[in-house]
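Beneath this line is the structure, given in structure tokens, with notes to follow.
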Amino acid sequence: MPTENPAPSGSVHHNPAHHNLAHCGSSSSGSAPRTIVITGASDGIGAAAAHTLHNARSEDRLVIVGRSPEKTRNVANALGAEHFTADFSSLTEVRELADELNQLDHIHALANNAGGIFDGPVTTADGFERTWQINVVAPFLLTSLLQDKLRADDATVVQTASVAHLLMSYFRPDDPNTFQHFSSSRAYGNAKLGDILLTRYLDSHGLTAVSFHPGVLATSFAQTSSGVISRVYSSVLAKALSAPSVGGDNLAFYLAGTPGIHFESGEYYNERRRPGRQRPIAKNLGVTRRIFDDLSDKLGVCWA
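For the sequence shown, position 181 matches number 181 in full-length UniProt numbering, and the numbering has no gaps at all.
What follows is the structure, given as structure tokens:
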């Protein structure tokens, strides 16, 4: 599950791997250095993925994005990486982040990994429910604003989804924000289903995109919720959860992998890197287009 809970912060600021990673073509020695951007990377699986990638190929250019300036800086400094901070509950900060990232020479892979589960409903200043905005709207906006650069480099966009979309969602296309009948677990499940739909939307517009369930991990993503998921993560059951490095290895696998060999674009994979079970609506391209065409209009972005 996701690693980071983007909550209020300041404006944008610049400032051995899993054994299977070695089999990914782009991580083999001798290939050209790649630029990889990871959001939600100040802790949890985002930070773990960054360490995995650095250990496998230190010549690649890692760009760390997180909410907490101190934590993000610490991760970046440990890797000799660049870093930016942005709060995804503010779309103004997401736009500022996109402006900064568009100054990079290349982006070969983008991990839309920031997310979290929250109490609510809470409406952001941008008019979206907080859980939906941080997990879906913000990464969609960021990807939209980076699409020219992503296309130029035949980049891969990786969405951190979750099996929660199968277990907890009750998705209504007329209420993707889950303003009605809100619960933190339902809103989170709907948002993770939204991440799978986003993957299919990007793929339908010619970008290489993949989504995956990282595993049930002992990360901090549920700390901002008082719901059932938070209680599980803070209970004795937390001792049975996998370490963040497991999810980090999975994220790194897709960031370093080759489409058509290690994964198929537009698909969702489970923690074993096999096609994952999905709700039928998660495969519905009509619903996908309805949700993200509408979001494109609201955000003022265009997709060819």
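Glycine included, each C-beta is placed from N, C-alpha and C at the ideal position.
Query - Proximal residues to residue 46 (C-beta, below 6 Å), its chain only, five neighbours per side dropped - result: 3, 38, 40, 113
Notebook entry, point to check: In whole angstroms, what is the alpha-carbon distance linking residue 285 and residue 291?
Noted result: Each residue's Cα considered, the two are about 10 Å apart.
Practice task
May I ask you to report which of helix, strand or coil DSSP gives residue 66?
Solution key: strand
Rounded to whole angstroms, what is the Cα-Cα separation between residue 164 and residue 126? Distance between the alpha carbons of residue 164 and residue 126: 25 Å.
Exercise. If you draw a straight line from the alpha carbon of residue 54 to that of residue 81, how long is it in whole angstroms?
Worked result: 9 Å
Check your understanding: residue 304 to residue 205, Cα distance in whole Å?
Key -> 7 Å
query = By the 10 Å Cβ neighbour count, where 16 or more other Cβ atoms means buried, how is residue 213 classified, buried or exposed?
reply = Buried, because 16 or more other Cβ atoms sit within 10 Å of the Cβ of residue 213.
Limits of the alpha helix (DSSP H) - the one that residue 143 falls within: Following the DSSP letters along the chain, one finds residue 143 inside the alpha helix (DSSP H) bounded by residues 138–152.
- Decide if the region 169–182 is in contact with the region 104–112; the criterion is three or more beta carbon pairs, one per stretch, under 8 Å apart. no
Let's test the definition: count the other Cβ atoms within 10 Å of the Cβ of residue 56 and tell me whether it reaches 16, buried, or not, exposed.
buried
Between residue 60 and residue 136, which are expected to be in contact by the criterion C-beta below 8 Å, what is the C-beta distance as a whole number of angstroms? In fact, because the Cβ distance is near 28 Å, the residues do not count as touching under 8 Å.
*asked:* On a Cα-Cα basis, can you pick out the residue from 211, 186, 189, 32 that is closest to residue 198?
replied: Ranked by Cα distance from residue 198, the options 211, 186, 189, 32 are led by 211.
| Which class does residue 133 belong to by DSSP, given the choice of helix, strand or coil? | helix
Q.
DSSP three-state label for residue 83, please.
A. In the structure shown, residue 83 adopts extended strand secondary structure according to DSSP, grouped into three states.
Problem set entry | Start and end residues, beta strand (DSSP E) containing residue 212 | 208–212
Q) So is residue 79 buried or exposed if we call it buried at 16+ other beta carbons inside 10 Å? A) buried
Where does residue 35 fall in DSSP's three states?
strand
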